Amino acid sequence: ASLCSYDAPRQNPVEYAYSLSVLSNEAKALDVVGAHPNVVKVLAICTDRPAIVMELASANLEALILSKARVHPAGLWAWAGQMASAIAHIHSMGCLHLDVKSGNILIFPDQTAKLADFGNAVMTPRSGPASLRVRTVAEVVTLAYRPPEIIMGATHCTDKTDAWGLGAIVLEMLMGKAAFLGTVGGTCGCRV
Numbered sequence: 001a002s003l004c005s006y007d008a009p010r011q012n013p014v015e016y017a018y019s020l021s022v023l024s025n026e027a028k029a030l031d032v033v034g035a036h037p038n039v040v041k042v043l044a045i046c047t048d049r050p051a052i053v054m055e056l057a058s059a060n061l062e063a064l065i066l067s068k069a070r071v072h073p074a075g076l077w078a079w080a081g082q083m084a085s086a087i088a089h090i091h092s093m094g095c096l097h098l099d100v101k102s103g104n105i106l107i108f109p110d111q112t113a114k115l116a117d118f119g120n121a122v123m124t125p126r127s128g129p130a131s132l133r134v135r136t137v138a139e140v141v142t143l144a145y146r147p148p149e150i151i152m153g154a155t156h157c158t159d160k161t162d163a164w165g166l167g168a169i170v171l172e173m174l175m176g177k178a179a180f181l182g183t184v185g186g187t188c189g190c191r192v
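At position 126 of the sequence shown (counting the first as 1) the number is 126 in UniProt numbering, and the numbers step up by one without a gap.
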């Protein structure tokens with residue numbers, strides 16, 4: 001990836017430091033994960049006003065679901081398979097995404113689905129099960145995609161955390177809306 005500059009509002013020093021930290025984490029995770037047909041490709045990294053420039057998608061999956069766009073069931077299952085392939089790949093590289101949700105699945109003009117937004121990702125030892133201690137629950141997994149064990153206070157995330165997110169996305173695609181409600185705090189309701 002190359003470095004770039006672009007015109008965007010300047011951040012205060014605290015926001016800048018946080019944004020740079022998230023950008024650095026995402027860039028490192030994407031570098032370790034490497035190329036995969038269902039993981040978004042980085043084109044450039046901007047550090048003066050932190051941002052990652054990625055390949056251009058048509059939409060994200062969340063927007064498609066909310067728009068009630070008609071997608072043939074075979075297309076939904078193809079996307080589910082592509083997402084599963086991406087998640088299996090990043091796990092094989094020792095990476096936990098920790099924010100698998102429909103808004104982080106990009107859909108491209110050729111109908112390829114790609115996993116994006118590795119800002120919360122963590123790298124794990126590649127020997128043994130992918131498991132780590134969670135810093136704080138607020139830092140991982142958007143609430144509506146958070147597995148029950150984390151909601152109930154578990155202190156570890158594993159590859160199963162990402163797998164739950166994928167399951168929630170598949171359910172969301174089939175229902176045409178998020179299966180679980182919740183964006184902040186520890187409360188999550190179910191629409192199923």
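A virtual CB, placed ideally from N, CA and C, is assigned to each residue, including glycine. In this text the structure is predicted, and so the values were computed from the model without any measurement.
query                                                                                  : result
Cβ-based burial, N120 [other Cβ within 10 Å; buried from 16]                           : buried
7 Å Cβ shell around C95 - same chain, five flanking residues per side excluded         : A29, V32, V33, A121, M123
Three or more C-beta pairs below 8 Å linking the stretch 143-156 and the stretch 84-91 : no
Residue nearest to N25 in terms of C-alpha spacing, selected from H36, Y145, F118      : F118
Residue-chain proximity (N104, chain D), Cβ-Cβ < 9 Å                                   : You won't find chain D in this structure, because it holds only one protein chain.
Cβ-Cβ distance between N38 and Q82 below 9 Å                                           : yes
Status (buried if at least 16 other CB within 10 Å, exposed otherwise) for W79         : buried
V104 versus L64, P125, A74, residue with shortest Cα-Cα distance                       : A small correction: the amino acid at residue 104 is Asn; Val does not occupy that position in the sequence shown. Among L64, P125, A74, the Cα nearest to that of N104 belongs to L64.
Local conformation of N120 per DSSP, three classes                                     : coil
Limits of the unbroken beta strand (DSSP E) element including A178                     : Segment: none, A178 is in no beta strand (DSSP E) and carries neither H nor E.
M93 in three-state terms, based on DSSP                                                : coil
Euclidean distance between Cα positions of G165 and M93                                : 19 Å
Neighbour-count burial assignment, D48, 16 or more Cβ in a 10 Å radius                 : exposed
Neighbour-count burial assignment, V100, 16 or more Cβ in a 10 Å radius                : buried
Element boundaries [beta strand (DSSP E), containing V22]                              : Premise fails: V22 lies in the alpha helix (DSSP H), 13-33, not in any beta strand (DSSP E).
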